[in-house]
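To start, the structure itself, in structure tokens.
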Amino acid sequence: MMSCIDSRVIMTRLLQSNVGDMLLVRNAGNFVPHSDTLRENATSTEAAALELGCCVNNIRHVVVCGHSDCKAMAALFASRDTVNETGGTPIAKWVKRHGLATVKKYHELEKAGGVGPITFVTGSTLKQLKAFIDRDNQFSPVDKFSQVNTLQQLENIFSHEFIMERVVADKVRLNAMWFDVYTGDFYMFSRERETFVLVTQTSYEHLVADAECW
Ligand SMILES: [Zn+2]
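For the sequence shown, counting from 1, position 165 maps to 171 in the working numbering; every step adds exactly one.
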């Protein structure tokens, strides 16, 4: 589980998980570095956690969970026109370091009328993910941006060769969730419906069947 450090996003409590249920990684903005950013001596606790979880502990489901009113997303959204510039505060440097792809994808969303679809590519057309964002126009621009960022992390996770191999072999599945901190609602991305779908008593069973993105 990759989630944000926001104090309202306590995944172990929200999902009522027990000891041994979940390997949890948190950072500001629930980013997972793309493999291209980890050449040579660069390290990433997120990539290391993916290897520990999926290769050592044989975890089968990787989930990225974004959320509403995310301050890290707000910081990236505010600096989206200067995302290529270096410097700034620690949070500005962090989000710009890992958020360039999200900014580009959000520009694609704007060009596509603000709803999409936008496509997340993983090197194989078989593994493309098409996504509409907030069809009902109920969320703020930063929240829409956060949903794009959440899906972008799936693309980043897939970029790591050891994950790619396991996804192709159907040993690992990648999923995207989004949490509304004000309503307590959870959304899961449905590959079939090509958007985040509210998790309810009635939608739950269907979502479990078709939620996995890759
Ligand atoms: Zn956050």
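C-beta atoms are modelled at their ideal positions from N, C-alpha and C, and glycine is treated no differently. Source: prediction; values computed, not measured.
Which residue or residues does DSSP assign as beta-bridge partners of residue i?
i      : result
ALA182 : VAL70
LYS136 : THR125
ASN33  : CYS10
PHE195 : PHE202
Flag residue i as yes when its Cβ comes closer than 7 Å to any non-hydrogen atom of ligand 1, and as no otherwise.
i      : result
ALA78  : yes
HIS40  : no
GLU104 : Sequence check: residue 104 is His here, not Glu. Every heavy atom of ligand 1 is 7 Å or more from the Cβ of HIS104, so no.
CYS10  : yes
GLY190 : no
GLY119 : no
HIS67  : no
GLY94  : no
GLY26  : no
HIS73  : yes
GLY35  : yes
Residue i and residue j: beta carbons closer than 8 Å?
i      : j      : result
ASN36  : GLY72  : yes
VAL89  : LYS102 : yes
SER74  : ASP149 : yes
PHE202 : TYR193 : yes
ILE11  : ARG32  : yes
VAL293 : THR108 : The structure shown does not extend to residue 293, since the chain is modelled only from 7 to 220, so the question has no answer here.
Decide if residue i is buried, meaning its Cβ has at least 16 other Cβ atoms within 10 Å, or exposed.
i      : result
PRO96  : exposed
GLU167 : exposed
PRO147 : exposed
For this session: Could you name each continuous beta strand (DSSP E) segment of 3 residues or more that falls completely within the stretch 60-124, going from the start of the chain to the end?
Result: 67-73
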